[in-house]
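For reference, the structure is listed below as structure tokens.
Protein chains: 2
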Amino acid sequence: MGTATAPWKQLLHNALQFNSNIKHSTYFQLATIGSNGRPANRTVVFRGFQENGDKIQINTDCRSRKIEDLMHCPFAEICWYFTESWEQFRINGTVDVIDGSNPDPMKLQQREKAWFASSPKSRLQYLGPNPGLPSISEQPSQESSLNPSSGPVGAFCLLVVDPDQVDYLNLKSNERIAFTSRQDTNGEKLWNSEGVNP
Amino acid sequence: MGTATAPWKQLLHNALQFNSNIKHSTYFQLATIGSNGRPANRTVVFRGFQENGDKIQINTDCRSRKIEDLMHCPFAEICWYFTESWEQFRINGTVDVIDGSNPDPMKLQQREKAWFASSPKSRLQYLGPNPGLPSISEQPSQESSLNPSSGPVGAFCLLVVDPDQVDYLNLKSNERIAFTSRQDTNGEKLWNSEGVNP
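As structure tokens, then:
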């Protein structure tokens with residue numbers, strides 16, 4: 001049976017609440033496909049849902065390899081394992097890459113909001129040297145500072161994952177649910193769920 | 001400078017030792033590419049290195065989707081985040097899928113060894129219903145049992161990941177090292193390492 005609100009979102013909210021005392025409960029692994037045709041996989045931080053929706057936000061550096069990956073192939077799968085409740089969410093969807101050159105004013109506003117929602121300390125890393133490039137040993141200690149009221153720097157990028165498939169697994173109850181979505185005639189997303197063998 | 005033994009293996013050993021009191025420290029996320037061209041990502045369990053080598057073993061069910069993925073594209077990337085030591089290993093390589101029909105007697109022996117190294121309880125799941133298929137609600141409680149001395153069942157599959165690139169990140173020291181390998185003229189793997197910006 002179809003439903004307009006994402007039925008897995010409540011399960012994810014419960015898992016986040018149950019595991020909220022653990023720092024790493026907001027960390028998950030984001031898999032993409034590299035331009036070399038190989039899978040890539042790294043840990044990123046959950047930055048919340050987009051207002052009223054089921055889209056998942058991630059902050060990243062424009063200069064990181066994953067941007068190149070997503071330009072080449074916009075699909076990603078999140079694997080989010082909750083170590084206390086033994087629950088896994090595999091969230092597959094399309095990723096919107098929002099950097100400072102985005103032509104959509106609404107998206108630029110979302111990016112700005114994500115920037116100000118992040119800590120001053122985490123903002124500083126976007127001023128650091130190019131991630132993944134060889135590090136220069138005699139690097140001067142990072143003296144850079146940022147005015148807390150100044151907006152996103154050029155390297156700051158917001159990723160928005162739009163899920164269209166979610167696989168939920170509970171290792172305690174041994175329950176597994178496959179959530180799939182389709183667009184209705186109005187372009188609205190409808191979710192279905194089905195119990196599957198773990 | 002090239003070296004014959006994998007220099008990241010010691011770092012991984014240290015991380016495993018430091019985090020050994022935590023059940024989930026042997027869990028990591030394995031990313032593959034689905035036959036639909038989208039990334040797939042799931043949590044699996046580290047089953048050790050292959051003797052004297054740097055190849056990583058994983059047990060899985062032949063009927064799981066990842067087998068189909070690997071038949072279509074043999075590359076995978078492991079993302080292994082250690083929650084206590086704040087270390088991440090991203091291990092990219094090629095995966096050998098070893099099921100009961102493998103023509104190589106050495107590989108069949110490795111598969112048998114992996115089967116007997118796993119617990120009797122975990123062996124039982126390979127007798128369960130087809131993973132990912134709709135579950136039948138009125139399922140009889142699983143009464144199946146296995147003779148502890150009987151060898152691997154048909155659904156048991158050993159995956160062997162042969163790494164050729166490792167990205168190490170330490171979030172405490174803010175250190176990142178890129179390990180890359182190449183084959184020498186004798187077909188032996190030589191590893192190089194380079195400090196890169198986190």
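Those sequence lines, one after another, are chains G and E.
Here the first sequence is numbered in UniProt numbering, starting from 1 and rising by one per residue.
Here the second sequence is numbered in UniProt numbering, starting from 1 and rising by one per residue.
Each residue gets a CB set at the ideal place from its N, CA and C atoms; glycine is no exception.
Just so you know, these numbers come straight off a predicted model, no measurement behind them.
Please list, in chain order, all residues of the same chain as residue i whose beta carbon is under 6 Å from its beta carbon, the five residues on each side excluded.
i, result
"P74 of chain G", "T94 and V95"
"M1 of chain G", "Note on M1 of chain G: pLDDT 45, under 50, position unreliable in the model; the coordinate value appears next. Hits under 6 Å: none found."
"P148 of chain E", "P120"
"D164 of chain G", "G93 and S181"
"F156 of chain E", "W115 and Y126"
"E194 of chain E", "A178"
"D80 of chain G", "Residue identity differs from the one stated: residue 80 of chain G is Trp in this sequence, not Asp. F28 and F89, listed in sequence order."
"G154 of chain E", "G100"
"K172 of chain E", "W86"
"H72 of chain G", "S35"
"N174 of chain E", "P198"
Helix, strand or coil, according to DSSP, for residue i in the structure here?
i, result
"N170 of chain G", "strand"
"N102 of chain E", "coil"
"A114 of chain G", "helix"
"K55 of chain G", "coil"
"Q165 of chain E", "strand"
"R123 of chain E", "helix"
"residue 199 of chain E", "The structure shown has nothing for residue 199 of chain E, since chain E only spans 1 to 198."
"Q183 of chain E", "strand"
"A178 of chain G", "strand"
"Q29 of chain G", "strand"
"I136 of chain G", "coil"
"N147 of chain G", "coil"
"D40 of chain G", "It should be noted that the sequence gives Ala, not Asp, for residue 40 of chain G. The answer is strand: DSSP assigns A40 of chain G an E or B state."
"N197 of chain E", "coil"
"N14 of chain G", "helix"
"I22 of chain G", "coil"
"E188 of chain E", "coil"
"K9 of chain E", "helix"
Would you call the CB atoms of residue i and residue j closer than 7 Å?
i, j, result
"S145 of chain E", "N197 of chain G", "no"
"I98 of chain E", "L12 of chain E", "no"
"N19 of chain E", "F82 of chain E", "yes"
"L16 of chain E", "I78 of chain E", "no"
"K55 of chain G", "D162 of chain G", "yes"
"I177 of chain E", "I33 of chain G", "no"
"D167 of chain G", "R90 of chain G", "yes"
"E87 of chain G", "N21 of chain G", "no"
"S118 of chain G", "N59 of chain G", "yes"
"A6 of chain G", "W191 of chain G", "yes"
"G151 of chain E", "E112 of chain E", "yes"
"E68 of chain G", "S35 of chain G", "yes"
Below 7 Å CB to CB, which residues in the same chain sit around residue i once its five sequence neighbours on both sides are set aside?
i, result
"S25 of chain E", "L16, N19 and F82"
"K189 of chain E", "S181 and Q183"
Heavy atom of the ligand FMN less than 6 Å from the Cβ of residue i, yes or no?
i, result
"V161 of chain G", "The ligand FMN is absent from the structure shown, which contains no ligand whatsoever."
What does a CB cutoff of less than 8 Å around residue i pick up in its chain, not counting 5 residues either side in sequence?
i, result
"S122 of chain E", "N59"
"L70 of chain G", "T32, A76, V95, V97 and L159"
"G132 of chain E", "R63, S64 and R65"
"L124 of chain G", "Q142, S144, S145 and L146"
"F49 of chain E", "K9, K55, I56 and Q57"
"K23 of chain E", "none"
Find the residues of chain A that neighbour residue i, judging by a C-beta separation of less than 9 Å, and give them in chain order.
i, result
"F18 of chain E", "Of the protein chains in this structure, namely G and E, none is chain A."
Query - Contact between the region 33-49 of chain G and the region 97-108 of chain G (3+ Cβ pairs under 8 Å) - result: Result no; under three Cβ-Cβ pairs closer than 8 Å.
ask   = Are the region 58-71 of chain G and the region 58-67 of chain E in contact at 8 Å, needing three or more beta carbon pairs?
value = Using a Cβ-Cβ distance cut-off of 8 Å, the region 58-71 of chain G and the region 58-67 of chain E are not in contact, since fewer than three pairs of beta carbons, one from each stretch, lie closer than that value.
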